[in-house]
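This is the structure in structure tokens:
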């Protein structure tokens, strides 16, 4: 399905909603399968390393790095497709924001992988993570500007972007204050226009608003009164595939 949708996207014509969803689901499935393999191999590598079996560690490490290389290639592939073909061919704000959001979720997954490798001592938490974080931030800023200019505060795509952006600040940039500000702003703006929300979008929008409020409750309880950043909880609410591409 991915190969077929790539060919369609490279025709440089605007994708329909159905085609857009097929592209997203196709890449999500391909990436998710490899991320699952990557997590399993990382876990096995850690256990074998603890037993001191250097030969097996080397073999497993090779498999893990092969999966990492495949993931990197797939992520680069979809980002190139988005930047060079899909976004330039998109006319509506909803589609453009959707694609940028899709891209930053891919970056987010790569950041999570780098963070785990750093925790396990496999890599130094340095330049590559900063580069991916910078790419994510740039994409978030572009998508947010587009969403705020052309989509209503109650639109589920705009709300979903705000949810993911705030989680990015909280989990990746370790900035709970900024995360709370973004989440609260999105929630408050949506609440003020809730009466204008269409019946078609009501369920999706109110679900994301609930997740924003849940995160706000959790995050504010973790910020000490003296302003120091508290240790993050792993129970942060997520929507629209924050951990999935």
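Residue numbers (my numbering): 469 to 713. Glycine included, C-beta positions come from ideal geometry on N, C-alpha and C. This one's a predicted model, so the numbers in the text were calculated from it and none came from an experiment.
Check, Outcome
"Write down the C-beta distance between residue 572 and residue 564 rounded to the nearest angstrom, noting that I regard them as a contact closer than 8 angstroms.", "Not really, about 13 angstroms apart at Cβ, beyond 8 angstroms."
"Quick check on this structure: which residue in 640, 627, 618 has the alpha carbon closest to the alpha carbon of residue 604?", "640"
"Would you identify the three-state DSSP class for residue 570, choosing helix, strand or coil?", "helix"
"Between which residues of its own chain and residue 657 is the CB-CB distance below 6 angstroms, once the five residues before and five after are set aside?", "621"
"Could you tell me the alpha carbon to alpha carbon distance between residue 429 and residue 691, rounded to whole angstroms?", "With the chain covering 469 to 713 only, the question about residue 429 has no answer from this structure."
"Pull up the CB-CB distance for residue 569 and residue 632, whole angstroms please, since I reckon it's below 8 angstroms.", "7 angstroms"
"Report yes or no: do the region 658-677 and the region 601-618 share at least 3 C-beta pairs separated by less than 8 angstroms?", "no"
"How long is the line joining the alpha carbons of residue 527 and residue 560, rounded to whole angstroms?", "48 angstroms"
"Please classify residue 670 as buried or exposed, where buried requires at least 16 other C-beta atoms within 10 Å of its C-beta.", "exposed"
"Give, in chain order, every unbroken run of the alpha helix (DSSP H) that is at least 4 residues long and sits entirely within the region 604-645.", "624-639"
"Compute the beta-carbon to beta-carbon distance between residue 557 and residue 480, rounded to the nearest angstrom, for a pair I have assumed lies under 8 angstroms.", "5 angstroms"
"In chain order, what residues of the same chain have a beta carbon less than 7 angstroms from the beta carbon of residue 567, not counting five sequence neighbours either side?", "550, 554, 555, 558"
"Do you know how far the Cα of residue 499 is from the Cα of residue 460?", "The chain is shown from 469 up to 713; residue 460 falls before or after that span and cannot be answered."
"Fully enclosed by the region 492-554, which alpha helix (DSSP H) runs are 4 residues long or longer?", "522-549"
"Just mark residue 592 as buried or exposed, buried being the case when its beta carbon has 16 or more other beta carbons within 10 Å.", "Bear in mind that the predicted position of residue 592 carries a pLDDT of just 46, short of 50, making it too unreliable to give a figure here."
"When you compare the CB positions of residue 574 and residue 637, do they come within less than 9 angstroms of one another, or not?", "no"
"Go ahead and pull the three-state DSSP assignment for residue 484.", "coil"
"Within 10 angstroms of its Cβ, does residue 600 collect 16 or more other Cβ (buried), or is it exposed?", "buried"
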